[in-house]
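**Student:**
Number of protein chains: 2
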Amino acid sequence: MIRICLIGAGNVAIALAREILENNALSLEQLICRNQNRIPNDLSHLPISNHFNTLPDCDFVLIAVSDNAIHEVSQKIPLSDAIVVHTSGASSIDLLNKHSKRGVMYPLQTFSQDRRLYWQEIPLLLEGNNTDVKDKLEKLSKTLSSVVTHAKEEERLHMHLAAVVVNNFTNHLYVEAEKFCKSKNLGFDMLIPLIEETTRKLSSLDPRNSQTGPASRGDLQTIERHKSIAMTNELADIYLFFTSQLLKQYNENI
Amino acid sequence: MIRICLIGAGNVAIALAREILENNALSLEQLICRNQNRIPNDLSHLPISNHFNTLPDCDFVLIAVSDNAIHEVSQKIPLSDAIVVHTSGASSIDLLNKHSKRGVMYPLQTFSQDRRLYWQEIPLLLEGNNTDVKDKLEKLSKTLSSVVTHAKEEERLHMHLAAVVVNNFTNHLYVEAEKFCKSKNLGFDMLIPLIEETTRKLSSLDPRNSQTGPASRGDLQTIERHKSIAMTNELADIYLFFTSQLLKQYNENI
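Note that the protein sequences, when read in sequence, are chains H and P.
Just remember that our numbering sits 29 ahead of the position in the first sequence, which is counted from 1.
Just remember that our numbering sits 29 ahead of the position in the second sequence, which is counted from 1.
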């Protein structure tokens, strides 16, 4: 049984806590957070603490807090034999320098409150400051996921950037499209099968080969019709920005 | 049995031909296209023609060609009792003015060669130039899909714009992220569970409430780390563009 202390009360911490609880190979010794009110009801029976002075014996201390709090939290954790690990894609392992055994376990996924995820398919990117830490972190990670890979800080940061592009930026497009539909009394729901197919295609087709639409076929007439539609400044800027990049690629390929 | 002549050899035409063939309520009387070589093997047994002089008797002539060819094709179709219909989201029904019974059936979906889609969930947006045409077009559409709705030209154009945003623009983000991963020797495949979850969330959460990432929490330090990564001009522009819009929304909300 791998014994874990978990620090944080954000989306990643809550998702990890729920998963650890259901995992027979893991035991959640303590959940530590500043504000216990943020812990959802289904986790309220856990041993919860709001200070670091008396960490119970454990194999791992997992820090799942926002990037700018990692170093401060790490400094507060008492020295022990446990491996101290953060879960950030964009932060250095060096933030944990106080601790002789330190690592990173970055789950490449988006976590929202009240959504249960299937952890076995979440890629976990690992880093450890020595071979023993790497081995133990890999063992822990393999109890959570079947997609476990070691990645140095630079690779992890690159994957984090790519994740921001395909998740945060894509979601921003959905937000602006949803606002637009609402403003025109149209159901955004009608777009969901299209969005699902756009996603499904990725597993069988290179996205370059499945690009369609007016800009990627140089259809300036349709683009002009779109531009004449009343929309927010944000969406108008998005339209011009993408149309310009796609037309440029179209013109380079003809 | 509703008898159909279908014009075109692009992705929409091929998808429609395959679906009509498998639909017991429909009969594909003829497939008309300029270049028969574009017809895939599984459809080569169909009655295929490359001219419009001798259209067989039918109830509908479906024009599934690119927007800028619709008018020309419509002019070539001999006058008859059939309802002439185009399938474009961004084109007016008026392009078919030669014909006394005319309509539009716009499938809100992205079609790629070699991908079979489940038509029952593809929204079909209909327009007809009189009540009889509308009724008959609705009857035809309901044999194909369970999501059938009447929409005037303006509404259809609005949905087409929204579709361009959530499909073409999103796919462009995938293209640029894939190029980036390749340039850094990282597997784009690792991002697919994240993209799938971003899509799945839409069915239960307003995308505004599931936005995450450095820009939407004002994390300037992570943004600076991302900006320091070597990437193509296109991706750098994408990064700056989205980060600017997301930071603006963040600053308006704090």
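Where a beta carbon is used, it is the ideal one built from N, C-alpha and C, also for glycine.
As the structure is a computational prediction, the values presented were derived from the model and not from experiment.
Under a Cβ-count criterion, where at least 16 other Cβ atoms within 10 Å of its own Cβ denotes burial, should H:THR160 be classed as buried or exposed?
**Tutor:** Residue 160 of chain H sits at position 131 when you count from the first residue of the first sequence. By the neighbour-count rule (16 or more Cβ atoms within 10 Å), H:THR160 is not buried but exposed.
**Student:** Quick one: Cα of H:PRO243 to Cα of H:GLN250, how far?
**Tutor:** Within the first sequence, numbered from 1, the residue matching residue 243 of chain H stands at position 214. Within the first sequence, numbered from 1, the residue matching residue 250 of chain H stands at position 221. Each residue's alpha carbon lies about 9 Å from the other.
**Student:** Express the C-alpha separation of H:HIS189 and P:LEU223 in angstroms, rounding to a whole number.
**Tutor:** Within the second sequence, residue 223 of chain P is the residue found at index 194, counting from 1. Within the first sequence, residue 189 of chain H is the residue found at index 160, counting from 1. So the two alpha carbons sit approximately 11 Å from each other.
**Student:** Rounding to the nearest angstrom, what Cα-Cα distance links H:PRO107 and H:LEU84 in this structure?
**Tutor:** The residue you call residue 107 of chain H lines up with position 78 of the first sequence. The residue you call residue 84 of chain H lines up with position 55 of the first sequence. About 8 Å.
**Student:** When DSSP labels each residue in this structure, what does H:HIS100 get in the three-state scheme?
**Tutor:** In the first sequence, residue 100 of chain H corresponds to position 71, counting from 1. Residue state, collapsed to three classes: helix.
**Student:** Quick one: list the residues of chain H neighbouring P:THR172, beta-carbon separation under 7 Å, in chain order.
**Tutor:** Locating residue 172 of chain P in the second sequence gives position 143, counting from the first residue. The premise fails here: P:THR172 is roughly 18 Å from chain H at the closest Cβ pair, so nothing lies under 7 Å.
**Student:** For the region 71-121 of chain P, list the alpha helix (DSSP H) runs that are entirely contained and at least 4 residues long, ordered along the chain.
**Tutor:** Here the runs fully enclosed are 99-105.
**Student:** Please list, in chain order, the residues of the region 31-59 of chain H that have any C-beta partner in chain P closer than 9 Å.
**Tutor:** Here the close residues are ASN40.
**Student:** Within the continuous alpha helix (DSSP H) that includes P:TYR279, where are the two ends?
**Tutor:** The residue labelled residue 279 of chain P in the question sits at position 250 within the second sequence. P:TYR279 -> alpha helix (DSSP H) spans 262-282.
**Student:** Quick one: which chain P residues come within Cβ less than 7 Å of H:SER232?
**Tutor:** Locating residue 232 of chain H in the first sequence gives position 203, counting from the first residue. Simply ILE221.
**Student:** Would H:ALA191 pass as an interface residue toward chain P - the criterion being a Cβ-Cβ separation below 8 Å?
**Tutor:** The residue you call residue 191 of chain H lines up with position 162 of the first sequence. At least one chain P Cβ lies under 8 Å of H:ALA191.
**Student:** How is the beta strand (DSSP E) around H:THR178 delimited, first residue to last?
**Tutor:** Here residue 178 of chain H refers to the residue found at position 149 when the first sequence is read from its first residue. Unbroken beta strand (DSSP E) run through H:THR178: 177-179.
**Student:** Within this structure, are the beta carbons of P:THR228 and H:GLU225 separated by less than 8 Å?
**Tutor:** Position 199 of the second sequence, counted from the start, is the residue given in the question as residue 228 of chain P. Position 196 of the first sequence, counted from the start, is the residue given in the question as residue 225 of chain H. In this structure, H:GLU225 lies closer than 8 Å to P:THR228 by Cβ.
**Student:** Step through the CB atoms of chain P and report whether any lies within less than 8 Å of the CB of H:SER239.
**Tutor:** As a working note, residue 239 of chain H is residue 210 in the first sequence. True, the Cβ-Cβ gap to chain P drops below 8 Å.
**Student:** Taking only the alpha-carbon atoms, compute the straight-line gap between H:LYS171 and H:ARG63 and give it to the nearest angstrom.
**Tutor:** In the first sequence, the residue the question calls residue 171 of chain H occupies position 142. In the first sequence, the residue the question calls residue 63 of chain H occupies position 34. Roughly 30 Å separates the two Cα atoms.
**Student:** Fully enclosed by the region 151-196 of chain H, which beta strand (DSSP E) runs are 3 residues long or longer?
**Tutor:** With a minimum length of 3 residues, the continuous beta strand (DSSP E) runs that stay inside the region 151-196 of chain H are 153-157 and 177-179.
**Student:** Determine the extent of the beta strand (DSSP E) in which P:ILE61 is found, giving its start and end residues.
**Tutor:** Position 32 of the second sequence, counted from the start, is the residue given in the question as residue 61 of chain P. Looking at the DSSP string, the run of the beta strand (DSSP E) that includes P:ILE61 is 55-61.
**Student:** From the DSSP secondary-structure annotation, give me the bridge partner or partners of H:PRO136.
**Tutor:** The residue given as residue 136 of chain H occupies position 107 in the first sequence. H:PRO136 pairs with H:LEU153.
**Student:** Starting from H:ILE224 and walking both ways along the alpha helix (DSSP H), at which residues does that stretch end?
**Tutor:** Start at 1 with the first residue of the first sequence, and residue 224 of chain H comes out as number 195. That run of the alpha helix (DSSP H) goes 221-230.
**Student:** Rounded to a whole number of angstroms, what is the C-alpha to C-alpha distance between H:TYR147 and H:SER245?
**Tutor:** On the first sequence, position 118 is the one that residue 147 of chain H refers to. On the first sequence, position 216 is the one that residue 245 of chain H refers to. If I take the Cα positions, the gap works out to 36 Å.
**Student:** Would H:TYR203 count as contacting chain P if we go by Cβ distances under 8 Å?
**Tutor:** Working through the first sequence from its first residue, we reach residue 203 of chain H at position 174. It does; some Cβ of chain P falls within 8 Å.
**Student:** Identify the contact partners of P:ASN280 in chain H, using a Cβ-Cβ distance below 7 Å as the criterion.
**Tutor:** Locating residue 280 of chain P in the second sequence gives position 251, counting from the first residue. Simply none; closest approach about 14 Å.
**Student:** Starting from H:ARG47, trace the alpha helix (DSSP H) both ways and give me its first and last residue.
**Tutor:** The residue you call residue 47 of chain H lines up with position 18 of the first sequence. Unbroken alpha helix (DSSP H) run through H:ARG47: 40-51.
**Student:** When you compare only the Cα positions, how much space is there between P:GLN65 and P:ALA93?
**Tutor:** Against the second sequence, residue 65 of chain P aligns to sequence position 36. Against the second sequence, residue 93 of chain P aligns to sequence position 64. Using only the alpha carbons, I get a separation of about 15 Å.
**Student:** Would a check of beta-carbon distances place H:VAL195 closer than 8 Å to chain P?
**Tutor:** Here residue 195 of chain H corresponds to residue number 166 of the first sequence, with the count starting at 1. Judged by the 8 Å Cβ criterion, H:VAL195 is in contact with chain P.
**Student:** Along the alpha helix (DSSP H) that carries H:ILE252, what are the first and last residues, could you check?
**Tutor:** Here residue 252 of chain H corresponds to residue number 223 of the first sequence, with the count starting at 1. From DSSP, the alpha helix (DSSP H) with H:ILE252 extends over 249-256.
**Student:** Taking 8 Å as the CB-CB limit, is P:MET303 close to chain H?
**Tutor:** Outside the displayed range of chain P (30 to 283) lies residue 303 of chain P, so it cannot be described from this structure.
**Student:** Should the region 49-64 of chain P be regarded as contacting the region 259-266 of chain H, the criterion being three or more beta carbon pairs within less than 8 Å?
**Tutor:** Segments in contact, no.
**Student:** So, at 6 Å on beta carbons, what are the nonlocal neighbours of H:SER239 in its own chain, with the 5 sequence-adjacent residues on each side left out?
**Tutor:** By one-based count along the first sequence, residue 239 of chain H stands at place 210. The answer, listed in chain order, is LYS230.
**Student:** Helix, strand or coil for P:LEU202 per DSSP?
**Tutor:** Counted from its first residue, the second sequence places residue 202 of chain P at position 173. Three-state result, P:LEU202: helix.
**Student:** Taking C-beta pairs closer than 8 Å, name the residues in chain P that H:HIS255 reaches, listed in chain order.
**Tutor:** In the first sequence, residue 255 of chain H corresponds to position 226, counting from 1. Under the 8 Å cutoff, chain P gives ALA119, LEU186, HIS189, LEU190 and VAL193.
**Student:** Could one say the Cβ of H:ILE224 lies closer than 8 Å to chain P's Cβ atoms, at least one of them?
**Tutor:** The residue you call residue 224 of chain H lines up with position 195 of the first sequence. It does: the Cβ of H:ILE224 has a partner Cβ on chain P nearer than 8 Å.
**Student:** Going along chain P in order, which residues have a C-beta closer than 7 Å to the C-beta of H:PHE81?
**Tutor:** Here residue 81 of chain H corresponds to residue number 52 of the first sequence, with the count starting at 1. Those within 7 Å of H:PHE81 in chain P number zero; the least Cβ separation is about 23 Å.
**Student:** Against H:ASP248, what residues of chain P qualify as contacts under a CB-to-CB distance less than 9 Å, listed in chain order?
**Tutor:** The count along the first sequence starts at 1 and reaches residue 248 of chain H at position 219. Correct list: SER95, ASP96, ASN97 and ALA119.
**Student:** So which residues on chain P does H:ARG144 lean against when the C-beta distance must stay under 7 Å?
**Tutor:** In the first sequence, counting from the first residue as 1, residue 144 of chain H sits at position 115. Within 7 Å Cβ-Cβ: LYS230.
**Student:** Is the region 140-156 of chain H close to the region 193-208 of chain H, with three or more CB pairs under 8 Å?
**Tutor:** Contact fails: fewer than three Cβ-Cβ distances are below 8 Å.
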